[in-house]
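J.:
Residue numbers (the numbering used here), protein chains in the order written: chain A, 32 to 183; chain B, -5 to 732.
1) Which value, in whole angstroms, describes the spacing of the CA atoms of residue 131 of chain A and residue 688 of chain B?
2) Are residue 257 of chain B and residue 243 of chain B close, meaning C-beta to C-beta below 8 Å?
3) Are the beta-carbon atoms of residue 282 of chain B and residue 231 of chain B separated by less than 8 Å?
4) Is any beta-carbon of chain B found at less than 8 Å from that of residue 120 of chain A?
5) Mind listing the chain A neighbours of residue 397 of chain B? Cutoff is C-beta to C-beta under 7 Å, in chain order.
6) Between residue 537 of chain B and residue 549 of chain B, is the Cβ-Cβ spacing less than 8 Å?
7) Taking Cβ-Cβ distances shorter than 9 Å, what residues in chain A pair up with residue 219 of chain B?
8) In its own chain, which residues sit with a C-beta less than 6 Å from the C-beta of residue 655 of chain B, not counting the 5 before and 5 after it?
9) How long is the line joining the alpha carbons of residue 716 of chain B and residue 229 of chain B, rounded to whole angstroms?
10) Does DSSP put residue 42 of chain B in a helix, a strand or coil?
11) Look up residue 207 of chain B in the DSSP assignment and say whether it is helix, strand or coil.
12) Shortest alpha-carbon distance to residue 344 of chain B belongs to which of B/367, B/400, B/586 and B/387?
13) Would you kindly report the start and end of the unbroken alpha helix (DSSP H) that includes residue 577 of chain B?
14) Taking a Cβ distance cut-off of 9 Å, strictly less, list which residues of the segment 78 to 106 of chain A are near chain B, in chain order.
15) Can you give me the C-alpha to C-alpha distance between residue 254 of chain B and residue 493 of chain B, rounded to a whole angstrom?
16) By Cβ distance below 7 Å, which residues in the same chain neighbour residue 590 of chain B in space, the five residues on each side in sequence not counted?
17) Using a Cβ cut-off of 7 Å, which residues of the segment 599 to 611 of chain B contact any Cβ in chain A, in chain order?
18) Is it true that the segment 43 to 50 of chain A meets the segment 67 to 74 of chain A, where meeting means three or more beta-carbon pairs spaced less than 8 Å apart?
19) Could you have a look at residue 300 of chain B and say whether DSSP puts it in helix, strand or coil?
20) Count the other CB atoms, across all protein chains shown, that sit within 10 Å of the CB of residue 124 of chain B; report buried if there are 16 or more and exposed otherwise.
21) Any residues in the segment 651 to 685 of chain B with a beta carbon nearer than 9 Å to a beta carbon of chain A? Which ones, in chain order?
22) Hey, is residue 71 of chain A's beta-carbon within less than 8 Å of any beta-carbon in chain B?
23) For a test of the three-state rule: what should DSSP assign to residue 18 of chain B, helix, strand or coil?
24) Can you say whether residue 168 of chain A is buried or exposed, counting buried as having 16 or more other CB atoms within 10 angstroms of its CB?
25) So who's on the other strand from residue 675 of chain B, going by DSSP bridges?
26) Tell me whether residue 188 of chain B is buried or exposed, calling it buried when 16 or more other Cβ atoms sit within 10 Å of its Cβ.
27) Enumerate in chain order the residues of its own chain whose CB-to-CB distance from residue 520 of chain B is below 6 Å, with the five nearest sequence positions on each side excluded.
28) Go ahead and label residue 676 of chain B buried or exposed: buried means 16 or more other beta carbons lie within 10 angstroms of its beta carbon, across all protein chains shown.
29) Taking buried to mean at least 16 other C-beta atoms within 10 Å of its own C-beta, is residue 262 of chain B buried or exposed?
30) Run the CB neighbour count on residue 77 of chain B, radius 10 Å, all protein chains shown included, and call it buried at 16 or more, exposed below.
31) Can you check DSSP and say which residues form a bridge with residue 260 of chain B?
32) Hey, quick one: how far does the beta strand (DSSP E) through residue 107 of chain A stretch, first residue to last?
33) Keeping to the same chain, check which residues put their C-beta closer than 7 Å to that of residue 138 of chain B; ignore five residues upstream and five downstream.
34) Quick check on residue 327 of chain B: buried or exposed, where buried means 16 or more other Cβ atoms within 10 Å of its Cβ?
35) What is the DSSP secondary structure of residue 779 of chain B, reduced to helix, strand or coil?
36) Going along chain B in order, which residues have a C-beta closer than 7 Å to the C-beta of residue 112 of chain A?
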C-alpha cells in the first residue's frame, strides 16, 4: 500500500491504494493544486502532467502506474515562470479564467518537444485540451511564439 | 493566520515595451483569497485605496475575477486617477462596504431591491468607471493636501507624478507612502477634479493582465484549491430529477466504516459523504447505494417540451409585448404572400471548467466561506437563510473563479456545503463531480419563435409578427422583473433582440408565451439575446436572400436611420473585405445586434462577418471579423480577449450545446455528450474597436448573439439550406480548418 515515485525531481511516497488517480494524490496528499480537476474521464486535459517526459491525463491514471517514475507538474515546469511556453502565455495574456491553463501549458510544453516548429494543422491535431473561455486563438499564437525559443 | 494561501509573484522582463509604464514594468502582485489579511501596516485613504508606508499601493477590486479581467481593468482606472506607479500596485479583492454595491436593474430599484455586490450582466466597467475615477482623484487630492500641510504650501503649487507629490516650484517631493498616514486622516473632497481624457496614462492602454503569471504556474487559488486547517472533503450525490428526494440508502453502515470516512449527511434531495480526502468521499458516495424518489417532475422529457413549444407557437395565447402600426391586419390581408419561419433553441448548461465547489466552516461566531463566488450578496443572503443566521455573520473569501458565465451567481452549491459543514463542525470543502455539476446546473432556458412577414415591392419588411415562447427566466427567478400588462406578464429576456431590434420595420407586432417547466434556470452569458438575435437575424438574412439583395446592403438599408449601427456594420464589412469576391469554396454571412444592458444600462453595437469554408467533409468556420462600439475602452487587450473568447463560446452554443431530458432528468453528464469547441474548430478572429466618445459600455456578453445567425446566413448563401435549430447539425460542420 505504498507507491514511491518522483514529483518535480523530489522523491515522494504515497501511502494508500495504488488505484487512486494520480491527480488526487498530487493535489490532496502532496498539496500541488496547480493541476486541475475538470472532468474525471480524461476528456478535457485540465489535469495534464508529464510522466517520464510524456503527457498524461492524471485524473484517470492510477498512482500505481507511476511507481518509480518521474512526474512533473505545472509547479515543476520552471522555477521562475521562465519556460518558453509560460513566457509566451504571459506575453500574449492567454489566460482568461485560467483554470485550464496549467494543463494546457503542460500539454503544449510536451507537444513542442515533438513538434519544434508546428504548423497550424499540427496544433489542431496535437493540442486537444479544452478551454471553456475559448482562448484558443491566443493559445495558437503563443504556441507559435514559444516555438521560436528553446524548449527546456 | 491567513486561511488560504496568499500569492506573491514578481514579474519582470518579457513584457511588451509598448505598454504604459515601459518595458521594465514590474508588478509585484498578491491576490488574497480572503478579504483581509494580517500583512503590513497600511492606511486606508478611500474605500478602494490603501497605501503602505513602503509605498505599496493596495487597490481594491469588488468584482470577482472569472476571466473577464476585472482584476486588471478596474485597478487600472484607480491607478490612472491616483497617478500611482503601476509597478508598486497590488490588487486585492474587497467586500463588505456599500461602495462595492451596484444597482443592477432599473426595475430592481423600483421594486425596492437594494444595490448588491455582484459581477454580471457585463456591468462592472459601465457601473464602476466613474466611481473609481472619483475614488482615485479623491485619494490623489488627499495626498496633495497632506503634502501641502507638511510643506506649508498652497495646493496650487503641488502636483503628482507616479506615486509622488511634487512641489512644482522647488522640485521637492514626498512619496505616497510617506504621506499615507496623514492623508488617511483628512476628509475626502466629494467633488474632486478628474483628469481630462487627454491626460489619461493608463485608461485606454493595453495593460497586461495582473493575474496571468499566477495562472501560468499553478499558484492562482481557485475555489477547488482552498486548503484551510482541519478541513475535510465532501462528495455529493443529488437526486437526478429536479423534483426528486432521497429514498432508501442501502449501504450507509458499510460506507461509514470505509477508510477516511467521517460522516454521511442526508439533505432533502441529496446525500453527501464527508471524508479526509475528496477521492475517499467520492468512492464512498459511489458505494452508498442511494435510491431516489422522482417526484412530480419525473415525466419531464424533451419530447414533451417540444410538444408544448409547438402547441404554443400554433396557439393564440400570447401576451402582447409591442404593437407598432397594423402588423396583424396587413398579414391577414395579404395572407397568401406571408413568409413564415420557425426557429428553436434548447436548454443549455454553463459548464465552467471548474466544477462548482465551496469550503464552509460553520461556527458560533461566524460562518466562513471560501470559494468561487460570482455574487457576494447572493451568497451571503442564501447561506444565512439556509443556516438561520444573519447575513453579516457570513464571511466570504472570494477566490478566482474557474469559469462561471453566470453559473456561480447561484449559491446552491455553497448552501449544500454549508448544510453539510454544519453537521460536521469542521471546515468542509464540497466539490461536485463534472456529472453532478452538469446534471444540476441552473440552465440557460429554451426558446422558440414563429416569425411571419409581408415584404414591400423591393423585398424589405413591411409587416412582421413575432411570437416567442419558452420557459420564462424572469418568471422562474426574477418575477419582479416581469413587465405586467392587462393581458398578463412578459419577460424582456425572452424577446430580447426582437422587441428592441434596430431595423426599420413600419409594422411590428411581438408577443410572448411562458411555458412553465420544472427545469431550474439562471442567467447565462448573453442571456436571451443568444436566442432572439438568432431568430431575428436569421429571418432578416432569409428575407434578403429571397429578395436577391446582398446581406450587407440589405441591413444597411434597414439601418440607414441609425449612424452608430451603420458605423459598426460598415467597419465589420470593410475589415472583412465584404465587396471582394471570395474563393469558390468560401462563403460569408453577416449579422448585427445592439446589445442593451439590463435595465438599459448600456448599448453596445456589434457587427460580425463569418467566413465559412466548404470542405469535402463539411463546413468549417474559418474566420470571424467582429466590429464593436463599446464606448470608451479601458483596456483594448482585455476587450479583444472578450471578443475572441466570446465568439468561441458562441460557436460552442451554435454548433454543439444541447441539454435534453428523459424521465425527469438531464441526459448529458460530461464532455463527451456535452462537447465544447476544440482548438481545431476555432476560427481566426479579427477584432475592430470602433472609436467612440461614449462612456464605457458593456463588453463581456455582447459578441455572442450575432455568431449563430451569421453562420446560418453564410450557409443559406452557400447551399440554400435554412438552419432553424441550435445546435446546427453536426454533419454539416465536420470540415477541418485549413
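All C-beta atoms in this analysis are idealised placements derived from N, C-alpha and C, irrespective of residue type, glycine included. Since the model is a prediction, treat every value here as computed from it, not as a measurement.
T.: This is what the structure holds:
1) 35 Å
2) no
3) yes
4) Residue contact with chain B for residue 120 of chain A: present (Cβ-Cβ distance below 8 Å to some residue of chain B).
5) Those within 7 Å of residue 397 of chain B in chain A are 128, 130, 163 and 164.
6) no
7) Chain A residues near residue 219 of chain B: 58, 64, 65 and 67.
8) 294, 295 and 296
9) 46 Å
10) coil
11) Looking at residue 207 of chain B - three-state DSSP - the assignment turns out to be helix.
12) B/400
13) No alpha helix (DSSP H) contains residue 577 of chain B, which DSSP labels as neither H nor E.
14) 104, 105 and 106
15) Computed Cα separation, rounded: 57 Å.
16) 494 and 597
17) Of all residues in the segment 599 to 611 of chain B, none has a Cβ within less than 7 Å of some Cβ in chain A.
18) no
19) DSSP places residue 300 of chain B within a helical segment (H, G or I) once states are collapsed to three.
20) exposed
21) Here the close residues are 664, 665, 666, 669, 670, 671, 672, 673, 674, 675, 676, 677, 678 and 679.
22) yes
23) At residue 18 of chain B, the pLDDT of 26 sits below 50, so the modelled position is not reliable; the number obtained from the coordinates is stated separately. Correct three-state label for residue 18 of chain B: coil.
24) buried
25) According to DSSP, residue 675 of chain B shares a beta bridge with no other residue.
26) exposed
27) Hits under 6 Å: 695, 698 and 699.
28) buried
29) exposed
30) buried
31) DSSP output for residue 260 of chain B lists B/265 as bridge partner(s).
32) Careful: residue 107 of chain A lies outside any beta strand (DSSP E), inside the alpha helix (DSSP H) at 105 to 108.
33) 149, 152, 154 and 159
34) exposed
35) This structure does not reach residue 779 of chain B, given that chain B is present from -5 up to 732, and the question cannot be answered.
36) 207, 210 and 211
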